[in-house]
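Each remark here refers to the structure printed beneath this line.
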Amino acid sequence: MNTMELPDHINFPKMEEEIMKYWDDIKVFDQCNELTKDRPKFTFYDGPPFATGLPHYGHLLAGTIKDTVCRYAIQTGHRVDRKFGWDTHGLPIEFEIDKILGIHTTDEVLKYGIPNYNRECRNIVMRYSEEWKKVVWRTGRWIDMDHAYKTMDISFMESVWWVFKQLYEKQLVYRGLKVMPFSTGCCTPLSNFEAGLSYKDVSDPTVTMTFPVVGEENTSFLGWTTTPWTLPSNLALCVNANYDYVKFYDEKTKHNYYMLECRMASLPDAKKAKRTIIAKMKGKDLVGKHYVPLFPYFKDLEGCFRVVSDDYVDNTSGTGIVHQAPGFGEDDYRVCLANGVISKGTKLVCPIDFSGNFTDEVTDYKGRYIKDCDKDIIDRLKKEGRVFDSRPMVHSYPFCWRSDTPLIYRAIPSWFVNVESFKDKLVENSKQTYWVPENIREGRFQNWLSNARDWAISRNRFWGTPIPIWTDDAFSEFVCVGSVQELEELTGQKITDLHREYVDDLVIEKNGKKLHRITEVFDCWFESGSMPYGQAHYPFENVEEFKNSFPCDFIAEGIDQTRGWFYSLLVLSTALFDKPPFKNLIVNGLVLASDGKKMSKRLKNYPDPVEMIDLYGADALRLSLINSPAVRAETVKFQEKTLKELISSIFLPWFNTMKYLQQSFKPGMKIMAIDKIEGINDMDKWILSSLMSLVKKVREEMKKFRLYTVVAPLVDLLVTLSNWYIKLNRKRFRGESGLTSCSVLYHCLKIMAVLMAPFTPFFSEFCYQKLQNYPLNYEEEKFASVHFCQIPEPTEKYHDAKLEETVEALKKIIELGRVARDKKTLPLKQPLRKLTIIHSSKEFLADLMKFKEYILVELNVEDVITTTEQGQYIALSFAPEKGVIGKKYRKDGKRYCDYFEKLGRDEVLKFMETGTIEYDGKTFTDEDLKVHRQFTGDTTIEEPMWEKDVLILLDIVRDKALIEKGICREVNNRVQKLRKDAGLKVQDNVVVLYSYDDKNHEAIDEAINEQKEFLKTYGVILKQKEDTDKPMFDQNVTLKCVTDSIHLWLVKLN
């Protein structure tokens, strides 16, 4: 670290490990926190992951975004408390324990014992925490993981209780019966968000049943379902009151049926079967008719087994008559309640347990898993003549994201937050937040909030934060506890933990009644939504600090959290304080495998991220993720080749630029201060101006959290330093202006290290430490780490927008010239006579000619000519956009196109100046018309290349002198390679000797003799070798341009 010397070759992963050791040695994270403790606070919330698995690319992407923004905040004058968090409760942990213990039902957990069960959960919850620490630190992310908050800590759980009690006292909590997504594999209801996490295409049986109409002989309703297991619980049929229904006679069954008229075509043998419509009616005419139940289990219930109506019945599937089982369908429950089939306060027909097995009420199938009974139920109904049709159907069906079992919908008593009562406030508070990209907030999140339903926050599980409600058996008395102290006062017991095994047996007395805690625990999304309060143990500690930093400045997570953490945070902060919980949010997309599929451990369709870091380094991985569409909430396919390309296209050129500075920096030199560099030329001014423009852009875009608009220009300038600034200034680096050029390059590299530090923390540190060792002719504050340096303010005195535009034009001219050479297979070593540049602006050409020297060298031409006489070289005409004009003007379109195609140069020039042209009372713009340019010269003499309004002409005719110079250019190229192979430095002077090993050398010999002065311009002195000469290094080479051989020898001069 304490030397400016660089290795000949760099191993980026090894370099990063050395940087990590340096950070450890200086306790860099602690130092950073100490240095920034008195600065204004930039607050950040870290969403808690589970520690039951190792970090994947999704974690690394979100972690890199968080780290980048937090590092940038530090480097712009802020303090950032970066505290990690763990989500330690919930289904993921219980599901792991269930697999280990072979537990499948709630009864088995109770038999095992809640204390024992929760002890097992606690034992595995931090299983991979140490591996997480290693990976997080290895990726360059600085965050406090030694003092991370955990949702299972009593301090966190107490804050969750406080949050809940606030909602309870605001009457935003209620207990109700609701049909919810339910996992029979995990024995618990799921949120709508969780229910949408996993869908699969499955084949399920569809059944069209017959429901004999009471009072109508030989007549039945045709009802339809895809869930035969719900048929024993059928209580009603539902039609759409406004649809057209029919009563038809079926010749095959000799029976009459009711169904939706437009769905008759979906019946089996629709074309061949003989079916006669007897009557037509509206759905409302069927309402109130009774039918014979399918099964006897609930046949004695009053008010059931009749037809009701609701608009949710559609005409796209089934028969238009929908079987209603209110215990197993959200619409079923709503419709049956509204029509008096069921009523609140009475027992609901829901004859299955939490494991999805039929209970004793369904005697024929009791104890059996519901899906296993589908076939038996259908077979039974067929035997009883109650099946009109049965066939399989493939459809998309929700599965439990943890147990991978089919979800069902079932009515279950749950505790709810009355979100619908304040969803308008949710929408308003959401509008106060800034999202990147904004369309996620304005689109899917806004829609979700506008249609928000009450949030079921209870789970019938064991390892979680217990809901702090105590009640009696009749649910007539309630006590909601909001703190440890309150529970101690109410029970007279010392409280050391808040998990179920510690609080379930505690009794609270009220009005002479003994109250026991309800059995449910909180949904883990309620806990994660309470994270701002739980991590600070608010309001029991850190009250003023919390108030001064809420809402936080920044959060970031994946798009899958739109209906998860982002939503739960907003619901709770709105309910508590009527504020949004955060100000700024970056939403990242999903990282998929290279084949576009979801990354799967089972399929092994992605490389281990740790292996990628070991191969290419964390900086390359970070840059590949943060410079991808994933930073603007789009999906990205992870591909290893991207890391390889970043190494070769960015990191190696960056390293080589550092290397070039070191090689060009001569003993005795001292870097000049950036505002006192002497002898700078236009190229120096250009690169400094470009640097300041970049600093300004970085500041502007990072203020808006638009990382995806920052990385590309940062990388572009790094490449520009290597490919343009150094390449165009090699002579100056080697000559008298070497100190000036080295000083300019030094400051560019140093500022770039500071700017890149949030994105590529390792190599930025490496560069900064190396640059610290250059001798300076001025005093400068030195920092132990680049990450302690502040992002500079853009210095206006260096900014020259016009100069930047001119050099951009110069680069484009050079690139066009190279393309022209490639097109004609003229290697750059072959000198050409001239390049002609044609443009309408004299000012543009005059500015460009200030850099004539660079064009001569880079394109290897002997002269550059400019002219504004475009008419001498270019024919202009209109190229109408026929499709656009035809669509706009219909039958007149062809006439208009013909007219414009005949117009001459003057009309086109006016159009190019004004952007519009009038004809036939219509105004035409560049949407309607394009300008076609045609070179009018001889392409056997000059090769034309276009770029917008610039035309270049490369003279491609070669005479004898040019050919000889081409040979000498190749000789010089071989000489330089020989110098490199000999290990010579730039400042080492040599004489080049030559001899021939064969007779085939006339072309080389003639060229060398005729072009000696030309060779001297490259600093090459050639002499024919004598026998007495003692060269240090030699090589026999064949020149590609003439296939002649020459033997070159180096003699180093003292």
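Sequential numbering from 1 applies to the sequence shown in our numbering. Where is the CB? At the ideal position from N, CA and C, for every residue including glycine. Note that this is a predicted model, so its numbers are computed, not measured.
Bridge-paired residues (DSSP) for residue i
i: K513; result: K510
i: F478; result: T471
i: S220; result: P212, Y257
i: P1132; result: The structure shown does not extend to residue 1132, since the chain is modelled only from 1 through 1054, so no value can be given for it.
i: N588; result: G558
i: E943; result: L954
i: M393; result: D204
i: Q324; result: A236
i: A411; result: V179
i: L1059; result: In the structure as shown, the chain begins at 1 and stops at 1054. Residue 1059 is therefore absent and cannot be evaluated.
i: A593; result: DSSP, once it has assigned bridges, lists no residue as partnering A593.
Rounded C-alpha distance that separates residue i from residue j
i: L346; j: G589; result: For the record, residue 346 in the displayed sequence is Thr; it is not Leu. So the two alpha carbons sit approximately 47 Å from each other.
i: T866; j: N860; result: 17 Å
i: S414; j: G617; result: 49 Å
i: L876; j: L856; result: 29 Å
i: M531; j: C552; result: 12 Å
i: K513; j: L498; result: 23 Å
i: S233; j: V163; result: 39 Å
i: I1046; j: V971; result: 9 Å
i: F878; j: R821; result: 29 Å
i: N584; j: L652; result: 35 Å
i: I917; j: F924; result: 5 Å
i: F763; j: M15; result: 8 Å
i: I650; j: M752; result: 13 Å
i: K579; j: I680; result: 54 Å
i: I508; j: N460; result: 22 Å
i: I1004; j: V1051; result: 21 Å
i: G893; j: E901; result: 12 Å
i: C262; j: V322; result: 15 Å
i: C187; j: A411; result: 13 Å
i: T213; j: M281; result: The sequence given here has Val at residue 213, not Thr. One C-alpha to the other measures close to 16 Å.
i: L35; j: R734; result: 41 Å
i: K252; j: K274; result: 7 Å
Backbone secondary structure at residue i - three-state DSSP
i: Y1081; result: Any question about residue 1081 goes unanswered here, given that the chain covers just 1 to 1054.
i: S203; result: strand
i: I1046; result: strand
i: N973; result: helix
i: G283; result: helix
i: V744; result: helix
i: K842; result: helix
i: T914; result: helix
i: D144; result: strand
i: H787; result: helix
Supposed contact pair residue j and residue i - C-beta distance, whole angstroms, cut 8 Å
i: F638; j: S594; result: 6 Å
i: L771; j: Y746; result: 7 Å
i: P794; j: K696; result: 4 Å
i: D926; j: I885; result: 13 Å between Cβ atoms; not a contact.
Boundaries (first-last residue) of the beta strand (DSSP E) holding residue i
i: C238; result: 236–239
i: S664; result: Element bounds for S664: not the beta strand (DSSP E) but the alpha helix (DSSP H), 652–664.
i: W86; result: 83–86
i: S421; result: Run containing S421: none; DSSP gives neither H nor E here.
i: L1061; result: For residue 1061 there is no data in the structure shown, the boundaries of the chain being 1 and 1054.
i: F248; result: 244–250
Boundaries of the alpha helix (DSSP H) in which residue i is found, first to last residue
i: D310; result: Where D310 is concerned, there is no enclosing alpha helix (DSSP H), given that its DSSP letter is neither H nor E.
i: V125; result: No alpha helix (DSSP H) holds V125; DSSP gives it neither H nor E.
i: E736; result: No alpha helix (DSSP H) contains E736, which DSSP labels as neither H nor E.
i: S528; result: 524–529
i: D331; result: 330–338
i: W435; result: Here W435 belongs to no alpha helix (DSSP H); instead the beta strand (DSSP E) covers 434–436.
i: M20; result: 12–26
i: N548; result: 543–549
Residue i Cβ short of 6 Å to the ligand PLP heavy atom set
i: K423; result: Annotation note on the ligand PLP: not contained in the displayed structure, which lists no ligands.
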